[in-house]
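The structure under discussion appears below in the form of structure tokens.
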Amino acid sequence: MSDKSKQPTNAPQHWDPKRYQQNAGFVATLGEAVLDWLDPKPGERILDLGCGDGVLTERLVARGAIVVGVDASAEQVAAARARGLDARVMDGARLAFDQPFDAVFSNAALHWMQDPDAVIEGVARALRPAGRFVGEFGGKDNVAAIVNALAAVLARHGIDAAALSPWYFPDESEYRTRLEEQGFVVERIERFARPTPLPGDIGGWLETFAESFLTAVPPRDRPALLADVAAEAAPLLRDAAGGWHADYVRLRFAARRASPHLASPVAR
Ligand code: BEZ
């Protein structure tokens, strides 16, 4: 068997709402800033794209908006519905709505959607003319120390980690161009480092978010894989007191759908 034939395929990420709450509660807390960019008004119809378990969706509702949340994970949608929210299972690259929204909001979700043009096109269709698209997600160099540690350790198993990445982390210039090509006017776009303290160790983060890399080795090898990745990443991500942080880089933007919407996007 050649090394290439051992390369595993990219396994889909599964979401366990309880584990997510334990290891990723900070996602919603840190998403408050992008809510301020959205500045939702009472009575506005807002689509929360990639609503997850609905913690931030609930905050939009608390500000008086009429909110629909969508997420590709049935488990996360069930958790959002358990909060009393209108949440639906939907692929972000195939948004389908028959009534226009005043705004589309997205926090920490767009980097999981590997066809950004299809996502942006669906967002444009979901918005009324001059409707806003405001979001934040992982930008270029996001979690680079974690990705590099995974790559170094998986290479020792003969596995190419780059081929397993489920993430899309563009820079601001690329994402601005994609938005403009679909008829959006970009009002603000910023990329900035946001080192993020983790509630536990890096193992909890990897188990919550990096399934496609971990499942590349047989289950019996995963504890050793986690330990090796932690050892590789520790010099950059663990502090003297033993606390861990993730080297997040955020891409935050506010764009407005031009009016009238271009019926067919400009060819790339
Ligand atoms: C992020 O929010 O940037 C992120 C979360 C999990 C995996 C990758 C990136």
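Under this note's numbering, read the sequence shown as residues 78 to 345, first letter to last.
Glycine included, every Cβ here is placed at the ideal spot set by N, Cα and C.
* When DSSP labels each residue in this structure, what does A335 get in the three-state scheme? -> coil
* **the ligand BEZ heavy atom lying under 6 Å from the CB of A186** => no
* Asked: Hey, out of D278, G320, Y245 and G280, whose CA is closest to L328's CA?
  -> Y245
* Report the residue from K95, P177 and Q99 whose alpha carbon sits nearest the alpha carbon of E121. => P177
* Collapsed DSSP secondary structure at Y325 in the structure displayed -> strand
* beta strand (DSSP E) segment containing V220, residue limits -> Taken as a continuous stretch (DSSP letters only), V220 belongs to no beta strand (DSSP E), as it is neither H nor E.
* To do: Give the straight-line distance between the Cα atoms of V346 and A110, rounded to the nearest whole angstrom.
  => Since the displayed the chain opens at 78 and closes at 345, residue 346 lies outside it and no answer follows.
* Through-space distance from R233 to G199, alpha-carbon basis -> Going by the C-alpha atoms only, they are around 41 Å apart.
* Touch test, the region 258-268 against the region 302-311, Cβ-Cβ under 8 Å, three pairs minimum -> Contact between the region 258-268 and the region 302-311 is absent, because fewer than three Cβ pairs lie under 8 Å.
* **6 Å Cβ shell around V138 - same chain, five flanking residues per side excluded** => V144
* With DSSP collapsed to three states, give me the class of A240. => Helix.
* Simplified DSSP state of E121, which is helix, strand or coil -> coil
* In the DSSP assignment, find the unbroken beta strand (DSSP E) run with F174 in it and report its ends. => Careful: F174 lies outside any beta strand (DSSP E) and carries neither H nor E.
* One or two residues paired with E213 in a DSSP bridge -> Paired residue(s): N184 and R329.
* Asked: Any chance the region 127-141 sits against the region 315-333, with 3 or more Cβ pairs inside 8 Å?
  -> no
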